[in-house]
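The first sequence begins at 11 in this note's numbering and counts up by one.
No residue lacks a Cβ here, since even glycine has one placed at the ideal position from N, Cα and C.
For clarity, every value in this text was computed on a predicted model and none was experimentally measured.
Structure record follows, encoded as C-alpha cells.
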Amino acid sequence: MIKEQIKETVNSSVGKYLDENGIDISGIDFDFEIEIPKNIKFGDYSTNAALILANKIKSKPRDVAESLIEILNSGDNTLFKKMEIAGPGFINFHLKEAVYLKGLMEIDSKGKQWGSSKIGEGQKILIEFVSANPTGYLHFGHARNAAVGDSLSRILKYSGYEVTKEFYINDAGRQMDLLGESVLVRYKQLFDIDIDIPEDGYQAEYIADIAKELKSQKDDSLLSLAEDEAQTICKDFAYEILLNEIKKDLLDAGIEFDEWYSEKKNIHTKKNGVNALEQVRGILDSKSSVFEDEGALWFKATDYGDNQDWVLIKSDGLPTYFYADIAYHSDKIQRGYNRLINIWGADHHSHVSRLKSAVTAINNDDKIIEVLLIQFVRLIKDGKEVSMSKRSGSFVTLREVLKEVGRDVTRYFLLMRSTDSHLDFDMNLAKEQSSDNPVYYIQYAHARIESVLTRADESGHSPSPENLESLELQEEMQVVKKLLQFPEIVDQSAASLAPHRIAFYLQDLASEFHVYYNRNKILTENNELTTARLYLISCIQTVLRNGLSLLGISAPRRM
RNA sequence: GCGCCCGUAGCUCAGCUGGAUAGAGCAACGGACUUCUAAUCCGUAGGUCACAGGUUCGACUCCUGUCGGGCGCACCA
C-alpha cells in the first residue's frame, strides 16, 4: 500500500535526521501518522512526524519538518511530486501521478482480491451470533445481529483470518420446557380439552399451527401418554420445526453458519468421564471460586473483577444459563481459537463482565474474548415506530421484512450504521426504489458501468492500461485515490469490527463515479482516452463489487 | 443507587488510534435528459459538535462532572 511506502520513507529520513544531529531517542517511544488530509489542498497524504518528533526532542516543529524534507529530497525520490510544510509543522505530500496509475493496475490485476490482506493470517476466529432460542421465528431484533455477524465474518475472512460462524442453540432449560408445555396445551385444545396456556408460556399463533401439524402426524396418540412424556414429544417436535424455520430465514438473508452448537449436547456429552458442567466445576473448585449459600452454588465473580457474584446451580438443583454459558466458552477455548467474538444485543451488556470474569477464572485472562454489543433497531413505518413486543406475539419477523423489502436492502439498512448507535429502519424508505435509497444508489453505479462496458464492447473498445497518462483530469485522479483507499478501509473495518465503514465508503465511491460520469463521456472520439477511461471505470466496478460482497449484497449488472 | 450505549445541520447519521476551514443523505428552494442508464448530476440554504471544567502545541475525538435519551442490573434465558 502507498501509505506504508510513505511511512517507511519518512521513517528512514527521521533516522537520518537523528543520526546527523547525534540525537538518541532509543528510550522514547516515537510513532507518527501518515494520513489522508480531509482537505485536498493539503496534498494527497500528510504526516505529523515533525510535530511529534519536535515535541520529543524539544525542538521547533517547523525546523524539524524542513530538515526532514531536505533529507527526503536528497535521496532518490520516486513518490513525491511536491512536499510542503503547513500549519504547526505538518508535512504535506503531493504524489506523482505515476504512483497512482500504477496502483490502478494493481487493482486490475488483483481483481476480487483487491482489498484483501493477510493481517489475520494464521489466526482462528470463532464468531458467534444470533443464537436465538428455537422457541419461535427470528424477529427483527435478531436481524441486525445476524447481518452484522455475517458481514463481519466476510470482512475478517477477507483480512486473512480463518473464521468459523457459529450459532449457539439454547435448547436446554426452562424456555424449551415452556415451549413443550405450550404446544401440548394447544394440542389438547384441538381435542376440546379445556385448558389454558401457562401464563409465561408462548401464546403466538405459530404454536397452534405446530400443534395442528403434530395432530395430523400423531393423531390423538399423545393424549394417552404421561404429561412429562407428551411434553417432551411436543418440545422435540416444535424444536425441529422452529430450528428449521430459523435456518431457512437466515439462508434467505444470505447467512450460512458453519456450526450449529447445541447447548444440550454440550452439557450432556461426557469427555473423560465428566460432562462440560462438571469439568468447569472442577476448575472453579480448584481455584476456590465457588461457594454455597442458601442452598445454591455461587461463582465468586467478585474475585475476578465483576461487581457481584452469580448463581451457578439453583437451590432446586438445576444449572443456570450462566453456568452452561461458562461451559460453552470453556469449550470454545479448548477448540483452539485465537479470538472469540460474541455478538450480543445491547440488553445483554450486563453479562459481559460476568462472562469475562468466568473466562478469567478458567483461562487466567479474558483477552481471548471480545463482545460486540449491538444497539437496538426501531422499525419505522409511516413515520411511526412499530412496536415489537414479543410477549404479545405482535413482533415483526425477519421473514416479513425480507419479503417486503428484499435481502439487499434489508442487509444494507442494518449495516449502514455504527453498531453502537441506535438504528431506525425506515420501512417506507427501504421500499422506495429511488435516489433516496442508498442501496440502489450504489448498485446503480455498478450497473451503469456494466452498461457502458457493454456498449464499448459492441463498438470494439475495451479497457486498457496502455494509455493511462491520458487520465489527466483532477476528478479522475481523485477517483483513483479513492479506489486505492479501499484496502485501508477494509483494514479499519476489520480492526474495529465495524462493517458500516464499508457501507459509507461505497456510498462515497458511488457518488464520485456518478459525478464523473455526468461530467465526462467515457466513450469519446479519442481512442486512447476511451480505453483508459474504460480501464478506470472497470476498476471502479471491481471495487464496488468487492465492497458489496463484504456486506453480502448483490452487484447487479442491469437495473 | 450501580453499569453499558448515545447526544454533531429541521430529520437520519458519518467523523479512523487527538490534527489544519466539522461532512453526507433526506427534507426545502432553484437548475440539467435529441448525448454512454435522470434509480443520476449541479447550485442555494442549514452548526455554540448537549453543557461546564481539565489534559495538550492542538479536543467532536481523551479525562472528570452535570443534564437529557435508550437499555440493563434474577436462584429467567
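- A distance of 8 angstroms or more separates the beta carbons of leucine 189 and valine 490.
- Bounds of the alpha helix (DSSP H) holding leucine 519 are 510–529.
- Residue state for alanine 457 is assigned as helix, using DSSP reduced to three classes.
- Per the C-alpha coordinates, the member of His359, Ile379, Tyr271, Leu350 positioned closest to alanine 334 is Tyr271.
- For the set Val20, Leu111, Trp124, the Cα lying nearest the Cα of asparagine 83 is the one of Val20.
- The beta-carbon distance between valine 500 and isoleucine 165, rounded to whole angstroms, is 7 angstroms. This is short enough to meet the 8 angstroms contact definition.
- Within the DSSP bridge table, the entry for leucine 148 names no partner.
- In its chain, beyond the 5 residues on either side, Ala306, Leu307, Pro329, Thr330, Tyr333 have a beta carbon closer than 8 angstroms to the beta carbon of isoleucine 323.
- In the structure shown, phenylalanine 267 adopts coil according to DSSP, grouped into three states.
- The DSSP-derived three-state label of methionine 437 is helix.
- In the structure shown, the three-state DSSP call for leucine 200 is coil.
- Its Cα nearest to that of cysteine 549, the residue Phe496 stands out among Phe496, Arg529, Asn530, Glu535.
- Counting C-beta pairs with one atom in each stretch, the segment 338–356 and the segment 274–287 have three or more that are closer than 8 angstroms, which means they touch.
- Judged by beta-carbon spacing, glutamate 273 lies within the 8 angstroms limit of tyrosine 178, meaning their Cβ atoms are closer than that value.
- DSSP places tyrosine 314 within a helical segment (H, G or I) once states are collapsed to three.
- Note: proline 329 is bridge-paired with Ile323 in the DSSP secondary-structure output.
- Using a 10 angstroms sphere on the CB of phenylalanine 435, the tally of other CB atoms reaches 16 or more, which defines it as buried.
- Per DSSP, tyrosine 27 is one residue of the alpha helix (DSSP H) stretching across 12–30.
- For histidine 104, there is no enclosing alpha helix (DSSP H); the enclosing beta strand (DSSP E) covers residues 100–105.
- Looking only at Ile459, Pro566, Asn536, Leu560, the smallest Cα-Cα distance to asparagine 528 is reached by Ile459.
- Here the C-alpha atom of leucine 78 lies approximately 13 angstroms from the C-alpha atom of serine 69.
- Arginine 427 sits buried, since 16 or more C-beta atoms from the chains shown fall within 10 Å of its C-beta.
- Here the C-alpha atom of glutamate 138 lies approximately 43 angstroms from the C-alpha atom of leucine 63.
- Around the beta carbon of threonine 540, 16 or more other beta carbons sit within 10 angstroms, so the residue counts as buried.
- The beta-carbon separation of leucine 554 and alanine 520, rounded to 7 angstroms, stays under the 8 angstroms limit for a contact.
- Glutamate 176 sits in a strand when the DSSP states are folded into three classes.
- If you look at valine 300, you'll find it in the beta strand (DSSP E) that goes 300–303.
- Pairing aspartate 187 with valine 290, the inter-Cα distance amounts to about 25 angstroms.
- Nearest neighbour of tyrosine 197 by Cα position, chosen from Glu215, Arg184, Ala221, turns out to be Ala221.
- Leaving aside the five residues that flank glycine 183 on each side, the residues in its chain whose CB is nearer than 7 angstroms to its CB run, in chain order, Tyr331.
- When Cβ pairs closer than 8 angstroms are counted between the two stretches, the segment 351–367 is seen to touch the segment 314–323, the count reaching three or more.
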